[in-house]
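Numbering (this note's numbering), first residue to last: 5 to 75. We put the beta carbon where it would ideally sit given N, CA and C, even for glycine. Nothing here was measured: the structure is a model prediction, and the numbers come from that model. Let me begin by presenting the structure, written as structure tokens, before commenting on it.
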Amino acid sequence: MNAQDKQWIRLVKEGRRWRREVFCPQCGRRMDLLKEARYTCENPKCAVIEVRFRRDGAVEILLDSTKRRKT
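See below:
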């Protein structure tokens, strides 16, 4: 995991628990959890629709504004 990938995930402590805050790799706004480890950008004009953060820290864009599913 390099420094560029780490900047999109931040740990925030809430009481006794840690919560992950995830930011969009394209526009920098916060992302909402869809299911499992998939996130969507809360900015409606952003081209990134669905991303997944792999265990090694890499960002994988699964679906963008072209509506083509990435494999």
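Item	Value
In angstroms with no decimal places, state the Cα-to-Cα distance between R21 and R58.	22 Å
Going by the CB atoms, is the gap between R56 and E46 shorter than 9 Å?	no
What does DSSP give as the partner residue(s) for C45 in the beta ladder?	M35
Excluding the 5 residues flanking R14 on each side, which residues of the same chain have their C-beta closer than 6 Å to its C-beta?	E25
Which residues in the same chain as A41 place their Cβ atom closer than 7 Å to its Cβ, once the five residues preceding and following it in sequence are excluded?	R56 and F57
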